[in-house]
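These protein sequence lines map, in sequence, to chains A and B. Counting with this note's numbering, you get residues 346 to 461 for the letters of the first sequence. Counting with this note's numbering, you get residues 390 to 504 for the letters of the second sequence. First up is the structure itself, then whatever we jot down about it.
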Amino acid sequence: DQQVKQNSPSLSVQEGRISILNCDYTNSMFDYFLWYKKYPAEGPTFLISISSIKDKNEDGRFTVFLNKSAKHLSLHIVPSQPGDSAVYFCAARQAYGSGNTGKLIFGQGTTLQVKP
Amino acid sequence: EPEVTQTPSHQVTQMGQEVILRCVPISNHLYFYWYRQILGQKVEFLVSFYNNEISEKSEIFDDQFSVERPDGSNFTLKIRSTKLEDSAMYFCASSGAIRGWRPLHFGNGTRLTVT
Chain A
346 DQQVKQNSPS LSVQEGRISI LNCDYTNSMF DYFLWYKKYP AEGPTFLISI SSIKDKNEDG
406 RFTVFLNKSA KHLSLHIVPS QPGDSAVYFC AARQAYGSGN TGKLIFGQGT TLQVKP
Chain B
390 EPEVTQTPSH QVTQMGQEVI LRCVPISNHL YFYWYRQILG QKVEFLVSFY NNEISEKSEI
450 FDDQFSVERP DGSNFTLKIR STKLEDSAMY FCASSGAIRG WRPLHFGNGT RLTVT
């Protein structure tokens, strides 16, 4: 039951260029979407989120876009830096209620490599 | 910045043994979670815990698993009789709110190896 999918297992970009990571979902009941970043031997670190009622949220070099009709979201990193190299997880939160407790459902992750 | 801490960082155990994974969530958080990640796979939800009881659990969280908040600070995951397939990274997470918006904060995980 893959409610959240990241179809690209890896992405390689040049330093200074834009990185675009994609995520698709199937459940219309998600109320928040998040991106987490994970370095080896560490836990996922929250990066940026977007409410399902918005279509864009920006925080510094990071922007998340949400296309509800396509059930698609993307994370843009501009400009990309070598320190951004990590695994990026897309996650979606089921709206609280009806037995749901706000848990996150994660995609499989995309490994981003930013080359100097 | 406050953080979620997990101990031990690595636990090796033999099949059939009991293990307890420990977590100290962020102090003013009320909602607690366990997730796991089998090598090369996605991060999977195991259980959520609020007000001293399980709020929701996944199909993975069978009778071999239990959680407890024995005091005001610790949150533990116990696996009663470990199997080889329990080998994974186990992440604890906590959140300050559900109805409002607060992201989950994760610990650095415990790598469980069952031999």
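Beta carbons: idealized from backbone N, C-alpha and C, even for Gly. Bear in mind the structure is a predicted one, so any value in this text is a computation, not a measurement.
### Message
With three or more beta-carbon pairs closer than 8 Å as the criterion, would you say the segment 451-459 of chain A touches the segment 446-454 of chain B?
### Response
no
### CB of B:Ser484 within 7 Å of CB of B:Tyr420, strictly
yes
### Message
Would B:Lys446 pass as an interface residue toward chain A - the criterion being a Cβ-Cβ separation below 7 Å?
### Response
no
### Task
Starting from the Cα of A:Ile395, find the closest Cα among A:His417, A:Ile363 and A:Asp429 and give me that residue.
A:His417
### Min CB distance A:Thr371 to chain B below 7 Å
no
### Task
Starting from the beta carbon of A:Thr456, find every residue of chain B whose beta carbon is closer than 7 Å, and list them in chain order.
Near A:Thr456 there are no residues of chain B at all, since even the closest Cβ is about 11 Å away, more than 7 Å.
### Task
Below 8 Å CB to CB, which residues in the same chain sit around A:Pro354 once its five sequence neighbours on both sides are set aside?
Gln453, Gly454, Thr455 and Thr456
### Query
Since B:Gly498 meets chain A, which of its residues come closer than 7 Å, beta carbon to beta carbon?
Gly388
### Closest Cα partner of A:Asn402 within the set A:Phe391, A:Gly388 and A:Leu420
A:Leu420
### Query
Hey, how far is the Cα of B:Thr394 from the Cα of B:Asn497?
7 Å
#### Entry: Nearest residue (CA-CA) to B:Asp460, options B:Cys412, B:Ser437 and B:Phe480
B:Cys412
### Query
Counting only runs that start and end within the segment 347-414 of chain A, where is the beta strand (DSSP E) found for 3 or more residues in a row?
355-359, 364-370, 375-383, 390-396, 401-404 and 407-412
### Message
Between A:Lys460 and chain D, is any beta-carbon pair separated by less than 7 Å?
### Response
Here the protein chains are A and B, and chain D is not one of them.
### Query
Any idea what DSSP makes of B:Leu493, helix, strand or coil?
coil
### Query
Taking the C-alpha atoms as reference points, what is the distance between A:Lys382 and B:Ile443?
27 Å
### Query
In chain order, what residues of the same chain have a beta carbon less than 6 Å from the beta carbon of B:Glu392, not counting five sequence neighbours either side?
none
### Query
Below 7 Å between beta carbons: does that hold for A:Ala437 and A:Phe378?
yes
### Task
Taking B:Pro492 as the query, report the chain A residues whose CB atoms sit under 8 Å from its CB, ordered along the chain.
Leu379, Phe391 and Ser394
### Task
Could you tell me how far apart the beta carbons of B:Val408 and B:Ile468 are, in whole angstroms, since I believe they sit closer than 8 Å?
5 Å
### Query
With B:Thr499 and B:Met404 assumed to form a contact (beta carbons below 8 Å), what rounded beta-carbon distance in angstroms separates them?
With a Cβ gap of about 18 Å, B:Thr499 and B:Met404 do not count as contacting.
### Task
Kindly list, in the order they appear in chain A, the residues whose Cβ is closer than 7 Å to that of B:Tyr422.
Lys448
### Query
Roughly how many whole angstroms lie between the Cα atoms of B:Trp423 and B:Phe464?
9 Å
#### Entry: Complete runs of the beta strand (DSSP E) confined to the segment 422-495 of chain B [at least 3 residues]
432-439, 442-446, 454-457, 464-468 and 477-484
#### Entry: Status (buried if at least 16 other CB within 10 Å, exposed otherwise) for A:Ser373
exposed
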